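Going by the working numbering, 139 is the number at position 139 of the sequence shown; the sequence numbering is gapless. To start, the structure itself, in structure tokens.
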Amino acid sequence: MNDATAVSPAPSDRPPPRGFRAPGFGGNLARRVGTALVVLPLLLLALFRGPAWLTVAVVAAALALGLVEFFGLLRARGIRPMQRVGFLLAAALFVEVAWPAGAHVPLLPLAALLVLGFMLSRGTDRESVTAAAATLLGAVYLGTLGGTIAALRLVPPPDQGAWRLTLLLVVVIFSDTFAFFLGHALGRRRLAPAISPGKSVEGAVGGVFGGVLGALVVRHLGLGDLPLVHAVVLGGAVAILGIFGDLNESLLKRWAKVKDSGTLFPGHGGMLDRLDSLLFGAPVLYYYFLYVR
């Protein structure tokens, strides 16, 4: 998410008045809505009209772009990531998580060997240890967590795959939307001022409410066998972890001293800005549909 739980900035430490909107609010909102109106129909078309492999390919492409942006954040701080190794590891981890029943070879030992081996290949480069650790972080972040997104389309029963992934998307979108508006309208108490001063507790509460509402909507439309209590808990849990994912990426951007991870989506930032909440929320649904339902 991108300042979804925003609290309008004030010239001092005092909380801004209720209903205060920062300059550019309307223009930013218009860009966000316009981008969503273009991207969402294409996603839903791929989900419900296309084969499973098309959805997996779309997710993989998005993760690859996100990893490019992640490596860009590293370079912004003078760290040279091991890009080829990073993409290879991310792909291997993605496959292992997305097809939990089909991966017969444990890949983590191989991942450790590759990273440490390429670290040695840089010889006396004093930044090689930092680069190796950061590269592995990116591979796990995008590859492993991203694999849980694709897995929602693939795990049995296959006929519910599109609706499971829709559940993730709708919960995050509803959470983002409610947090955005309530944060700007009512936000006074800052959620994590050291990481993202623009986010508020009120916006976060609105985001959790929106996530629960989104889960109930999807349950009504296509997941009728999902127990009501489960839908409420899943919606709240995905929304809460999505907020943590948003803060995690905000921390990365603050560390790299950049505003957005990229400029791919007008009003939304880069791909990593769009994936942050999905990456943290998806594992909740992944474990639920894999081991509970």
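C-beta atoms are modelled at their ideal positions from N, C-alpha and C, and glycine is treated no differently. These figures come from a predicted structure and were not determined experimentally.
Worksheet entry | Paired residues, beta bridge with S196 - DSSP | The residue given as residue 196 occupies position 196 in the sequence shown. S196 pairs with A192.
Discussion item. Tell me which residues share the same chain as G270 and place their Cβ nearer than 7 Å to its Cβ, disregarding the 5 neighbours each side in the sequence.
Written reply: Against the sequence shown, residue 270 aligns to sequence position 270. Answer for G270: E69, D260, S261, G262, T263 and L264, listed in chain order.
Fill in: DSSP state of G262 mapped onto helix, strand, coil
Counting from 1 along the sequence shown, the entry for residue 262 is found at position 262. Coil at G262, not helix or strand.
Worksheet entry | Whole-angstrom distance between P109 and G207, CA atom to CA atom | Looking up residue 207 in the sequence shown gives position 207. Looking up residue 109 in the sequence shown gives position 109. Put simply, the backbone Cα of G207 is about 39 Å away from that of P109.
Fill in: Proximal residues to G294 (C-beta, below 6 Å), its chain only, five neighbours per side dropped
Outside the modelled stretch of the chain, which goes from 1 to 293, sits residue 294, for which no answer is possible.
Worksheet item: Near G245, which residues of its chain fall below 6 Å by C-beta distance, leaving aside the five closest residues on each side in sequence?
Response: Against the sequence shown, residue 245 aligns to sequence position 245. D276, S277, L279 and F280, listed in sequence order.
Discussion item. Looking at R219: is its Cβ nearer than 7 Å to the Cβ of A237?
Written reply: Walking along the sequence shown from the start, residue 219 turns up at place 219. Walking along the sequence shown from the start, residue 237 turns up at place 237. Contact: no.
Worksheet item: Do you know offhand how far K253's Cα is from D225's?
Response: The count along the sequence shown starts at 1 and reaches residue 253 at position 253. The count along the sequence shown starts at 1 and reaches residue 225 at position 225. Rounded to whole angstroms, K253 to D225 spans 40 Å at the Cα level.
Practice prompt. For V38, I'd like the list of residues in its chain whose CB is within less than 8 Å of its CB, leaving aside the five on either flank, ordered along the chain.
Written response: Translated into the one-based positions of the sequence shown, residue 38 becomes position 38. Excluding sequence neighbours, V38 sits near nothing in its chain.
Practice prompt. Compute the Euclidean distance between the alpha carbons of V233 and L120, then round it to the nearest angstrom.
Written response: As a position in the sequence shown, residue 233 is number 233, starting the count at 1. As a position in the sequence shown, residue 120 is number 120, starting the count at 1. For V233 and L120, the distance between alpha carbons rounds to 46 Å.
Worksheet item: What residue range is occupied by the uninterrupted alpha helix (DSSP H) comprising A215?
Response: Your numbering for residue 215 matches position 215 in the sequence shown. V201 to G222 is the extent of the alpha helix (DSSP H) around A215.
Worksheet entry | Nearest-angstrom Cβ-Cβ length linking P197 and G138, presumed shorter than 8 Å | Here residue 197 corresponds to residue number 197 of the sequence shown, with the count starting at 1. Here residue 138 corresponds to residue number 138 of the sequence shown, with the count starting at 1. 26 Å between Cβ atoms; not a contact.
Worksheet entry | Alpha-carbon spacing of N248 relative to P227, whole angstroms | Position 248 of the sequence shown holds residue 248. Position 227 of the sequence shown holds residue 227. Computed Cα separation, rounded: 31 Å.
Discussion item. Residues in the same chain with beta-carbon distance under 8 Å from A46, minus the five sequence neighbours each way, listed in chain order, please.
Written reply: Residue 46 sits at position 46 when you count from the first residue of the sequence shown. Closer than 8 Å at the Cβ level, and outside the excluded window around A46, lie L54, T55 and V58.
Fill in: Beta-carbon spacing of G214, F174 below 7 Å
Position 214 of the sequence shown, counting from 1, holds the residue named residue 214. Position 174 of the sequence shown, counting from 1, holds the residue named residue 174. Their beta carbons are under 7 Å apart, which means G214 touches F174 by this criterion.
Fill in: Buried versus exposed call for A131 [16 or more other C-beta atoms within 10 Å across all chains shown]
Indexing the sequence shown from 1 puts residue 131 at position 131. With 16 or more other Cβ atoms within 10 Å, it is buried.
Worksheet entry | Assumed close pair S200, G187 - CB separation to whole angstroms, cut-off 8 Å | Here residue 200 refers to the residue found at position 200 when the sequence shown is read from its first residue. Here residue 187 refers to the residue found at position 187 when the sequence shown is read from its first residue. Indeed, because the Cβ distance is near 3 Å, the residues count as touching under 8 Å.
Worksheet item: Closest to L42 by CA distance: which of V115, L169 and L65 is it?
Response: In the sequence shown, the residue the question calls residue 42 occupies position 42. Of V115, L169 and L65, the residue nearest in Cα terms is L169.
Worksheet entry | Cut-off 7 Å between Cβ atoms - residues of its own chain near A282, not counting five sequence neighbours on either side | Residue mapping note: residue 282 aligns to position 282 of the sequence shown, counting from 1. Contacts found: L145, T148, I149, L152 and L168.
Worksheet item: Can you list, in chain order, the residues of its chain whose CB lies under 7 Å from that of L241, leaving out five sequence neighbours each side?
Response: Locating residue 241 in the sequence shown gives position 241, counting from the first residue. Setting aside the 5 residues that flank it on each side, L241 is surrounded in the same chain by F280, G281 and V284, each with a C-beta closer than 7 Å to its C-beta; the list follows chain order.
Item to complete: For D176, count neighbouring Cβ atoms within 10 angstroms of its own Cβ and tell me buried if that reaches 16, exposed if not.
Response: Taking the first residue of the sequence shown as 1, we reach residue 176 at position 176. By the neighbour-count rule (16 or more Cβ atoms within 10 Å), D176 is buried.
Discussion item. So V155 and F289 are supposed to be a Cβ contact under 8 Å. How far apart are they, rounded?
Written reply: Taking the first residue of the sequence shown as position 1, residue 155 is located at position 155. Taking the first residue of the sequence shown as position 1, residue 289 is located at position 289. V155 to F289, Cβ: 6 Å. Contact.
Discussion item. Considering Cα atoms alone, identify which of A61, P158, S128 and F118 is closest to P51.
Written reply: Indexing the sequence shown from 1 puts residue 51 at position 51. Answer by Cα proximity: P158.
Item to complete: Compare the Cα-Cα distances from T166 to each of A134, F181, L216 and V205 and report the closest residue.
Response: Residue mapping note: residue 166 aligns to position 166 of the sequence shown, counting from 1. Of the candidates A134, F181, L216 and V205, the one whose C-alpha sits nearest the C-alpha of T166 is L216.
Practice prompt. Ignore the nearest five residues each way along the sequence and tell me which others in A76's own chain have a CB closer than 7 Å to its CB.
Written response: If you number the sequence shown from 1, residue 76 lands on position 76. Leaving aside the five residues that flank A76 on each side, the residues in its chain whose CB is nearer than 7 Å to its CB run, in chain order, A256, K257 and V258.
Worksheet item: Under the rule that 16 or more other beta-carbon atoms within 10 Å means buried, what is Y141, buried or exposed?
Response: Within the sequence shown, residue 141 is the residue found at index 141, counting from 1. Y141 should be labelled buried.
Worksheet item: Does the Cβ of Y286 have 16 or more other Cβ atoms within 10 Å, making it buried, or fewer, making it exposed?
Response: Taking the first residue of the sequence shown as 1, we reach residue 286 at position 286. Under this definition Y286 is a buried residue.
Worksheet item: Since I79 is in the alpha helix (DSSP H), which residue starts that stretch and which ends it?
Response: Here residue 79 refers to the residue found at position 79 when the sequence shown is read from its first residue. Unbroken run through I79: none, as it is neither H nor E.
Practice prompt. Could you tell me which of V171, F178, G222 and I243 sits nearest to A192, measuring between CA atoms?
Written response: Against the sequence shown, residue 192 aligns to sequence position 192. The option with the nearest alpha carbon to A192 is I243.
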